[in-house]
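Notes to accompany the following structure.
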Amino acid sequence: MDYEAVIGLEIHAQLLTDSKAFCSCTTRFGAEPNSNTCPICLGMPGVLPVLNRKALEFTVKMALACNCRINEFNRFARKNYYYPDLPKNYQISQYELPISENGFVEIETSQGKRRIGLTRIHMEEDAGKLIHDETKPVSYVDLNRTGVPLIEIVSEPDIRSPEEAGAFLRELRAVLVYLGICDGNMEEGSFRCDANVSVRPKGEQALGIKTELKNMNSFRFVERGLQFEIDRQIELLKAGERIVQETRLFDSATGTTASMRSKEYAHDYRYFPDPDLLPIRVEPALVERLRSELPELPTEKKLRFVNEFGIPAYDAGVLTASRELALYFEETVKLFPKPKMVSNWIMTELMRRLKGEEHGIDSCPISAEQLAALLRLVDEGSISGKIAKTVFDEMFDTGKDSSAIIEEKGLVQISDQGELVEIARKVLEDNPSEVEKYLEGKTKLMGFFVGQVMKVTQGKANPAMVNQILMEELKKR
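Our numbering applies: residue 3 is where the sequence shown begins, and numbers increase by one.
Here it is, written out as structure tokens:
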């Protein structure tokens, strides 16, 4: 029997406000444990929370960017549960009246475009953090994160594979970062994901029993965790065993999941309207103002890059995955108007040094002006592409301009016709047997001759001229 996966994701994104959701404590990351706290976020008796207006506006912006319906009337609820890092023993969240519902996000996968529905995007506050001692059975509580404003994005169970889950997460993260409302840092926990996954026989409409996966702090771990859980559930069903509804933790070291606790249901949290917070009315005028402030989003920018710069859709997708990377590309193209050459260098050489998605363009020591100047030298024939890569690495390591490195190391390309003819003739004279084989029809030996010329010139010879000269000299023979 063939099975298919049914996946729904719950994404929590910390909002880039200066203060917490319901008090004036700073949201700054990395402070001394328990230093960014006050009686309100610590849940002391008699305190009253006050909603951070900026958190509300950020939530509305994300909802609009994800095609959600904004509910004019909504309110906060108390989500009751006990955990050591939740000082009030309840979390301020939204339940039956969230701020937005019924949206969607379109993603690109190897199977084509897919539309993933969104059940809701709502506001809530974050809990604190437990720090487990590796040397003894002790855990420490840091409440700095308590009360930091979050949005929770809940997808419909429309995702059918780990690849689609990864594409969906990347798209959401890109939108959040483009809007400037979340830094998207998974390692620091400001963008995190829980996944609900079940399997069912292909063609069946009823949902299978689901498990919830936690502790996945990178796109790759989300995909690995989901794949392991899908395979585990299919094996259980094929063996005639029963799947238990539970929460499981993903272990990135082993690539496996392990049972954590039984899965909670909504009624376990005993939701009820928070009596300390008034219901919220989101006025249509505010919604329209925030809609007018939306920037060009990744999907729109990708389409524009394809149409305006004539680059492939794949290139445009890579370049627009980050707002900063897209800006870097556009600034470089303004200075050196050959978009495909620019995109090739950014996607290969630059991203190789930045190690793909793990580091942002903001850590790049090579400015758009410096990259444009280097590419101009290649285009003019002053240096070869091979030498340019060496120069690029030196630029990345030192921050120096390409012209300074080329002058220091004597890397100017040899384009003197007479000098190259002399070198080519010497190479052919030194390799008579290869010349004979070439003349007998083994034309692939041209690469050997070019390589020999490059060896003699230490890679400085103009490749196009070398090829042309060698062909002419071999014709004479």
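Even glycine gets a Cβ: it sits at the ideal position worked out from N, Cα and C. None of these values were measured; they are calculated from a predicted model.
(request) Would you kindly check if the distance between the Cβ of L178 and the Cβ of N217 is under 8 Å? (result) no
(request) Rank A197, F170, K56 by C-alpha distance to the C-alpha of L152 and give the top, closest one. (result) K56
(message) Any contact between the region 92-101 and the region 68-84? By contact I mean 3 or more CB pairs, one from each, below 8 Å.
(response) yes
(request) Starting from M218, follow its DSSP beta bridges and name the residues at the other end. (result) C195
(request) Please classify K478: is it buried, with 16 or more other beta-carbons within 10 angstroms of its beta-carbon, or exposed? (result) exposed
(message) For N82, list the residues DSSP reports as bridge partners.
(response) Y92
(message) DSSP three-state label for N346, please.
(response) helix
(request) Sort out for me which residues DSSP pairs V201 with in a bridge. (result) A7
(message) The beta strand (DSSP E) that contains M125, what's its start and end?
(response) 114-127
(request) Identify whether L279 lies in helix, strand or coil by the three-state DSSP scheme. (result) coil
(request) Could you have a look at L476 and say whether DSSP puts it in helix, strand or coil? (result) helix
(request) Determine the DSSP secondary structure at Q235, reduced to helix, strand or coil. (result) helix
(request) Leaving out five residues on either side along the sequence, give the residues of the same chain with a beta carbon under 6 Å from the beta carbon of G105. (result) C68, N69, C70, L120
(message) Could you compute how far the alpha carbon of L145 sits from the alpha carbon of G186?
(response) 21 Å
(request) Assign G401 to buried or exposed, taking buried as 16 or more other Cβ atoms, counted over all protein chains shown, within 10 Å of its Cβ. (result) exposed
(message) For a quick check, are the C-beta atoms of E225 and E173 less than 8 Å apart?
(response) no
(request) Output the boundary residues of the alpha helix (DSSP H) element that contains E396. (result) 387-400
(request) Return the chain-ordered list of same chain residues with a C-beta closer than 7 Å to the C-beta of P367, the five sequence neighbours on each side being excluded. (result) F398, G401
(request) Go ahead and pull the three-state DSSP assignment for I109. (result) strand
(request) Determine the extent of the beta strand (DSSP E) in which M262 is found, giving its start and end residues. (result) 258-264
(request) Would you give the residue range spanned by the alpha helix (DSSP H) that Y330 belongs to? (result) 325-337
(request) For my contact list, D196 and E12 are in at a C-beta cut-off of 8 Å; report their separation, rounded to the angstrom. (result) 5 Å
(request) Could you check the C-alpha separation between E360 and S324 for me, to the nearest Å? (result) Since pLDDT at E360 reaches only 45, below the 50 mark, its modelled position is unreliable, and no value is offered.
(message) Please return the same chain residues whose Cβ sits closer than 8 Å to the Cβ of P286, not counting the five positions on each side in sequence.
(response) E74
(message) Are there any heavy atoms of the ligand COA lying less than 7 Å away from the beta-carbon of I408, as far as the coordinates show?
(response) The ligand COA is absent from the structure shown, which contains no ligands of any kind.
(request) For the alpha helix (DSSP H) containing T301, list its first residue and its last residue. (result) 300-311
(message) Are the CB atoms of C27 and P51 within a distance shorter than 8 Å?
(response) no
(message) Does E136 pass the burial test, meaning 16 or more other C-beta atoms within 10 Å, or should it be called exposed?
(response) exposed
(message) So for L99, helix, strand or coil by DSSP?
(response) coil
(request) Below 8 Å on the Cβ atoms is my guess for V468 versus V455; work out the distance and round it to an integer in Å. (result) 5 Å
(message) Can you look up D364 in the DSSP assignment and give me helix, strand or coil?
(response) helix
(request) Can you tell me the Cβ-Cβ gap for T259 and L215, rounded? I've got them flagged as a contact below 8 Å. (result) 6 Å
(request) Pull up the distance between the alpha-carbon of L376 and that of F307, whole angstroms please. (result) 22 Å
(message) On the criterion of 16 or more Cβ atoms from any shown chain inside 10 Å, does T350 qualify as buried, or is it exposed?
(response) exposed
(request) Please go through the same chain and pick out, in chain order, the residues whose beta-carbon is closer than 6 Å to the beta-carbon of N198, but skip the five residues on each side of it. (result) G10, K212, E214
(request) Figure out for me which residue from A328, Q470, F338 has the closest Cα to the Cα of I363. (result) A328
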